[in-house]
Amino acid sequence: MPMPSPYKFQILLDPSSPSPVRFAATELRRCLMRMTEENVRYVHVHELPLQKGGSIIVGTRGSFSEVLGDGECPENELDDQILVTQRNGNCIVTGSNPRSVLFAAYELLERLGAAWTGPGHLAEIIPESDCSAIFEIEVSERAAYRHRGVCIEGAPSLDHALGMIDWMAKRKMNSFFLQFKTSIYFWTNYYSREYNMGYGSVEDIDRERSLELDQEVIDAAKLRGFVIHRVGHGWTAESLGHSGLGWWKADREPDDDTRQLLAEVGGRRGFFGDIPINTELCYSNKRAFDGVVDEIVGYAREHPEVDCIHFWLSDATNNFCECESCIKVTPSDWYARLIKAARRGIRREKLKTRLVFLCYTNTLTPPNSEKLSDAGLIYMFAPISRCYSHPLADPKCSGIGQAGGWPLNSVKPPRTNAEFLQIRKAWGEVFGGDSFVFDYYLWQPYLRHLNPIGFARLINRDVASYGSLYLNGLVSCQALRSFYPLGLSMAAMAETLWDVDANLEDLVSRHTRACFSSHAEEVLVYLKEIDRIMSPGKRHGAPFDSGRVGKSPGVGELLELTENFSSRLMVMNPEGEVEERYLSLICHFNRLLGMRCKSSLLLSEGKRDEAEAVLNEAGKFLRDTEELTHRYLDLWLILRSMRI
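In the numbering used here, the protein residues as written are 56 to 699.
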């Protein structure tokens, strides 16, 4: 009689497979062993035995050409498709490219009951199961959008960045964007500890250390097959030999030779606001023009690991050159000329690097005379001043600002969304190539609303509408710690980018149950009440914008809700570590929300000093509790949003 196998399952893999495929097999084994509490064998085979049943076979699409039809999950480097299917008694896990194989592995685990509520293994739900259904599961899905990414913002540590990348892969997001040539500005925000010396250790981040941190992030992203985006702002400053790594004032005045390359604004040539990264150049000056182009092409040559280089102009408004030569064409026409020259240079280097250009502040109006071809370019729509109380595609959200026609250096970006729709339509008439939205939901806007379901709904509706706007996805400019108090907005973002038919009510219910298990219904009632009370109606702006003097509707009722829910939380006993963590976070959130309400009410009564005292109390509370919240809430950013 044969001895029973000591292994619950065996996973077969060609060892020459790309790293995301090998990582997929590793993750499957890790999670299946936790689920079954039994050993899972990991077998390297150079030829996958497709005729012999009983195995989980992980591989690229080309590995299965004998058993899969031509139309089943065809190979595609840019667009993600996953396939889990059964052939000859084997469970096949594959995808349209190596990262899609990893996404397929995580989808298989979800079908077996796993859930990924937040960053890191601490937020994984890995239930006990015999996993016998593994040889019955069939999945064939294609991502709704090509671009599904996150851009570094705020104040992350390395662990926070790695945790986000790990979570993104589990939720089938595929792109990561490190701003600037090195993200020292963001690393320094965290490691300097200037915002809270009471937690963590100070670490000096110089350029060399910052590049090391960047590389660890890139390595983690490449392990998962991610598309790497880099830079953005900074080219104008770097081309002059000044730092383009953040919004810092110049360490020296421009010399006479440099000054003639800078934009003339109001009869003066100098750094705009004394900040090089916020300064435009005199693009009719060939030295200035060529300097920017050479900087971009040189970076592309030296960094073939970067898939998408972002070429943005300065990060300021109404600062374009007013000299006689520059005013002959519009700012967007100068930008288009620079884009085309940089693209030609990259093509001469025979690089696959794609160049991302954007519609933003100074370039809200498309070029008048210049045309852009689709090849190698990606258009990025960045509606930074939009209204976050209403969906982007809401035509009724209108009336604050205009959509174009501004004289030079007199741009007033709109504050409402109908105007941004007009801007998007105008750009669509001059460029019809690849594109995505660069939006700021989880930068400061969410922190000024504090409505978890409301913001999840906004993101769900916005993302579902991108296709109608001829936009192929989202790269979200946001804090990497955006899971406070339970990560509903991130869940909505990931799920809707993958499937535009993702149902918000189902998503919210499922995610809340995963976080709170036995207390999910009570928490859900609480979150729905917040959403009901804070529903914006026709109102624009955020209820907890520290610049607002008037009382936002419903704040008094919301304060009463937080007081009542506080007493309910005292009798909720968690079942397991995951629920305990999320109950602690929702308790923390409820207390903070109450303090924000009190401050808002006092401010509306003209009691500014008392309101500020409550805000300062909230700041102390946030600093004192960073150990609890640091994986889920960017303290540096929320303190800035509260202006304390």
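Backbone N, C-alpha and C fix where the C-beta goes; we use that ideal spot for every residue, glycine too.
Please read these numbers as outputs of a predicted model, since none were measured by experiment.
The C-beta of M650 has 16 or more other C-beta atoms within 10 Å across all chains shown, which makes the residue buried. The alpha-carbon separation between L613 and L413 amounts to approximately 39 Å. Shown here, S256 sits in coil according to DSSP, grouped into three states, outside any helix or strand. At least 8 Å separates the beta-carbon of L419 from that of G483. With a cut-off of 8 Å on Cβ pairs, the stretch 648-665 is in contact with the stretch 610-628, counting three or more such pairs. In the displayed model, A343 falls within a helix according to three-state DSSP.
Annotated as distal: E630 and S564, with beta-carbon spacing of 8 Å or more. Residue state for L233 is assigned as strand, using DSSP reduced to three classes. With 16 or more other Cβ atoms inside 10 Å of its own Cβ, L316 counts as buried. Cβ neighbours of P438 within its own chain (closer than 6 Å, five residues either side excluded): F475. Fewer than three pairs of CB atoms, one per stretch, sit closer than 8 Å, so the stretch 171-190 makes no contact with the stretch 242-255.
Minimum Cα-Cα distance from V156 among the listed residues V122, A169, G117 and N143 corresponds to G117. In this structure, L336 and T291 form a Cβ contact; the two beta carbons are roughly 5 Å apart against a cut-off of 8 Å.
By the CB criterion at 8 Å, H284 and H215 fall outside the cutoff. Contact between A547 and I514 holds: their C-beta atoms lie close to 5 Å from each other, under 8 Å. In the DSSP assignment, R154 falls within the alpha helix (DSSP H) that extends over P153 to R166. The Cβ-Cβ distance between R154 and F281 falls below 8 Å. Residue R536 holds the alpha-carbon nearest to the alpha-carbon of G209 among K395, E319 and R536. Between the stretch 266-276 and the stretch 225-240, the count of Cβ pairs shorter than 8 Å is three or higher; the stretches touch. Per DSSP, R77 is one residue of the alpha helix (DSSP H) stretching across S74 to T91. In the assembly as shown, K653 is a buried residue. Its beta-carbon has 16 or more other beta-carbons within 10 Å. Note that the C-beta distance between F119 and I147 is below 8 Å. For the stretch 297-365, the full-length alpha helix (DSSP H) segments reaching 4 residues or more read 311-314 and 341-357 along the chain. The three-state secondary structure of H643, taken from DSSP, is helix. Listed in chain order, the non-local C-beta contacts of N333 below 8 Å within the same chain comprise W302, F326, F327, S369, D370, A371 and N374, local neighbours out to five positions each way being set aside. Straight across, the Cα-Cα distance linking K277 with S490 is about 22 Å.
In the DSSP secondary-structure assignment, V282 is bridged to S230. Taken through DSSP and simplified to helix, strand or coil, F599 comes out as coil.
Note on N229: 16 or more other CB atoms within 10 angstroms of its CB, so buried under the neighbour-count rule. Our two residues, G289 and G296, have alpha carbons roughly 11 Å apart in a direct line. Judged by DSSP secondary structure, T149 falls within the beta strand (DSSP E) whose first and last residues are N145 to G150. Exclusion of the five residues before and after A397 leaves V348, I351, V352, F366 and L410 as the residues of its chain whose Cβ lies within less than 7 Å of its Cβ. Excluding residues up to 5 positions away in sequence, C570, F571, S572, S573 and H574 lie with their Cβ nearer than 8 Å to the Cβ of E634 in the same chain. A distance of 8 Å or more separates the beta carbons of K583 and I693. Take the alpha-carbon of N251 and the one of T680: they are about 10 Å apart. Residues of the same chain with a CB within less than 7 Å of the CB of L505, apart from the 5 flanking positions on each side, are F599, L648 and R651 in chain order.
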